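Comments concern the structure below.
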Amino acid sequence: MDTDTTTSPEARRAEMVAKVRKAGYARRAEVERVLLDTPRHEFVPEADLDAAYNPWQAVITHRFSDGRSLSCASAPFVVAMMLDQLAVNPGDTVLEIGAGTGYNASLLARLTGRADLVTTIDIDPDVTDQAVRNLTAAGHGDVHVVTGDGTAGHADRAPYDRLIVTVSPWDIPDRWWRQLAPEARLVAPLRWRGQSRGVGLRHLDGRLVSDSMHLSGFVYLVTGDEGERGAPITPDGTVNLHWDTDQAVDPDLLHGVLDLPRATSWSDVTIAGDEPHDGIWLRLTVTDPRVCRIDAHPDVAPEVCDPIQRFRAPTLVDGSSLAYLTSRRREEGDDVRWELGAIGHGPAAAELVERLCAEVRDWSVERDARKPTLLIYPAGTPDGDLADGTVIDKTHSRFVLTYDEVPA
12 MDTDTTTSPE ARRAEMVAKV RKAGYARRAE VERVLLDTPR HEFVPEADLD
62 AAYNPWQAVI THRFSDGRSL SCASAPFVVA MMLDQLAVNP GDTVLEIGAG
112 TGYNASLLAR LTGRADLVTT IDIDPDVTDQ AVRNLTAAGH GDVHVVTGDG
162 TAGHADRAPY DRLIVTVSPW DIPDRWWRQL APEARLVAPL RWRGQSRGVG
212 LRHLDGRLVS DSMHLSGFVY LVTGDEGERG APITPDGTVN LHWDTDQAVD
262 PDLLHGVLDL PRATSWSDVT IAGDEPHDGI WLRLTVTDPR VCRIDAHPDV
312 APEVCDPIQR FRAPTLVDGS SLAYLTSRRR EEGDDVRWEL GAIGHGPAAA
362 ELVERLCAEV RDWSVERDAR KPTLLIYPAG TPDGDLADGT VIDKTHSRFV
412 LTYDEVPA
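12 is the number of the first residue of the sequence shown in our numbering; add one for each residue after it.
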């Protein structure tokens with residue numbers, strides 16, 4: 012990014028929006044407009060103009076005592092992506108879960124046309140205090156800023172036409188369901204099977220139906236009903252597995268599994284270095300109930316564990332065996348590409364690596380051109396009332412993933 016400190020905030024903002032648009036976000040004219048009109052740097056005064064208007068960079072504003080991010084201003088491209096998905100109309104009532112700096116709420120106030128139609132909630136009073144100060148300074152002091160548990164929503168101002176979640180939930184809390192207006196839209200970075208997707212959903216006939224889905228990563232919304240589990244599988248804790256509570260994963264059976272001989276298989280499918288491959292993981296969440304996540308510390312030798320990405324890679328677990336996605340460099344003339352494959356350990360390793368490679372080959376036919384639909388039903392919905400597909404049961408809801416056509 013241009014680091015000329017003499018460039019005005021307005022010019023930086025225009026440059027930021029142009030880059031976001033070029034990358035395929037802020038497709039809606041009204042989203043582009045509010046991004047251009049809202050001075051992001053005033054919501055993140057701790058950041059210089061370079062950081063405030065970097066389209067790809069979040070600005071961390073609050074941290075836990077161990078240094079992990081507690082609250083931040085999301086990267087502008089993510090903000091634009093979620094606002095495109097939310098599709099706010101003038102006069103819509105909006106609930107935001109996760110107040111951040113107040114920047115999102117300010118954008119929402121501009122989109123809906125009245126600040127008093129926007130409610131934003133956060134559990135941390137330091138976060139909400141900052142949001143109030145920033146929104147008041149921006150002329151949006153009528154936004155309702157609530158300090159409280161985001162999983163409870165805010166019933167006093169329900170129902171909401173739009174609900175946006177800027178922290179990553181594992182489930183859709185039942186109180187969110189009750190606060191949605193008929194035909195409302197909900198946008199959230201949902202987690203299932205170890206991965207996170209920014210999902211745009213329509214509230215139709217008592218269920219939520221996705222119409223957009225993008226890879227995303229947010230600070231977790233952690234609740235008493237949190238359903239993602241994690242455990243180390245090496246004595247020093249440098250390699251970990253993460254899975255959902257409905258999956259038959261026993262980490263005790265996997266301790267030391269990486270010390271067993273490797274089974275390796277290659278798919279003959281190659282990608283460019285910057286080509287997305289996360290669609291493989293998404294596909295696996297539909298086709299194989301054993302998929303979860305592995306992560307390895309950067310200091311772990313590749314001879315011990317070599318996933319395609321150190322901090323997150325799809326993994327199949329079957330009892331005391333596992334296999335994860337990997338890659339290797341392959342030169343094709345002057346072109347450098349990466350071949351996708353799988354590494355496994357344990358008694359069922361040979362079957363698991365072949366299963367992963369088969370999914371890679373199936374994915375490669377259309378790559379990411381075809382995505383599944385996610386349907387979400389309230390917990391307790393009878394099986395006979397669910398759409399056909401892969402069912403993932405959570406505490407407050409039932410997820411169904413399908414490649415079938417879903418009636419509007």
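For glycine and all other residues, C-beta sits at the position ideal for the given N, C-alpha and C.
If you're wondering where the values come from, they're calculated on a predicted model, not measured in any experiment.
Cβ-based neighbour list, residue i, same chain, cut-off 7 Å, excluding 5 preceding and 5 following
i	result
residue 378	290
residue 323	304, 306
residue 192	170, 171, 172
residue 371	278, 280, 291, 351
residue 404	257
residue 227	89, 200, 207, 208, 209
residue 123	99, 101, 102, 103, 105, 129
residue 340	347, 349
residue 422	In the structure as shown, the chain begins at 12 and stops at 419. Residue 422 is therefore absent and cannot be evaluated.
residue 242	251, 252, 262
residue 374	290, 291, 294
residue 266	244
residue 112	54, 55, 72, 84, 141, 142, 145
Own chain, CB closer than 8 Å to residue i, minus 5 neighbours either side, in chain order
i	result
residue 407	182, 183, 184, 185, 188, 236, 389, 390
residue 396	388
residue 165	106, 130, 132, 155, 157, 159, 190
residue 125	102, 153
residue 53	145, 148, 149
residue 68	62, 86
residue 232	108, 109, 161, 162, 176, 178, 179, 180, 181
Beta strand (DSSP E) segment containing residue i, residue limits
i	result
residue 50	Per DSSP, residue 50 belongs to no beta strand (DSSP E) and is neither H nor E.
residue 307	302-307
residue 351	346-356
Residues of its chain near residue i, where Cβ-Cβ distance is below 6 Å and the 5 sequence neighbours each way are ignored
i	result
residue 129	105, 116, 119, 120, 154
residue 13	With a pLDDT of 43 at residue 13, under the threshold of 50, the modelled position of this residue cannot be trusted, and the question is left open.
residue 176	108, 199
residue 66	27, 30, 31, 87, 88
residue 414	383
residue 160	134
residue 211	96, 198, 222, 223
residue 392	409
residue 282	288, 349
residue 411	386, 397, 398, 400, 402
Distance between beta carbons of residue j and residue i, contact taken as under 8 Å
i	j	result
residue 24	residue 47	6 Å
residue 103	residue 172	4 Å
residue 353	residue 337	6 Å
residue 367	residue 334	5 Å
residue 224	residue 208	5 Å
residue 240	residue 213	That belief does not hold up - the Cβ atoms of residue 240 and residue 213 are roughly 31 Å apart, past 8 Å.
residue 268	residue 316	Contact doesn't hold; Cβ gap of about 10 Å is too wide.
residue 417	residue 220	6 Å
residue 178	residue 138	Between residue 138 and residue 178 the Cβ distance is about 11 Å, and since that is not below 8 Å, they are no contact.
residue 142	residue 163	That pair is no contact at about 18 Å.
residue 299	residue 327	6 Å
residue 355	residue 331	Rounded, the Cβ-Cβ distance is 12 Å, inconsistent with contact.
residue 42	residue 95	6 Å
residue 276	residue 365	6 Å
residue 204	residue 255	6 Å
residue 64	residue 51	7 Å
residue 36	residue 91	4 Å
Identified DSSP bridge partners for residue i
i	result
residue 412	385, 401
residue 277	352
residue 173	105, 196
residue 282	349
residue 70	84
residue 201	208
Extent of the continuous alpha helix (DSSP H) to which residue i belongs
i	result
residue 290	290-298
residue 332	Where residue 332 is concerned, there is no enclosing alpha helix (DSSP H), although the beta strand (DSSP E) it sits in stretches over 332-343.
residue 324	Here residue 324 belongs to no alpha helix (DSSP H); instead the beta strand (DSSP E) covers 324-329.
residue 185	185-189
residue 368	360-377
residue 20	20-33
residue 423	Within the shown structure, residues of the chain are numbered from 12 to 419, placing residue 423 beyond reach of any answer.
Alpha helix (DSSP H) runs contained entirely in the segment 80-130, provided each spans 4 or more residues: DSSP runs (the alpha helix (DSSP H)) wholly in the segment 80-130: 87-97, 114-123.
Contiguous beta strand (DSSP E) assignments of at least 3 residues, all confined to the segment 203-266: Entirely contained in the segment 203-266, the beta strand (DSSP E) runs reaching 3 residues are, in chain order, 206-215, 218-226, 239-243, 250-255.
4 or more residues per run - each alpha helix (DSSP H) lying fully within the segment 129-168: If we require 4 residues or more, the alpha helix (DSSP H) runs fully inside the segment 129-168 come out as 136-148.
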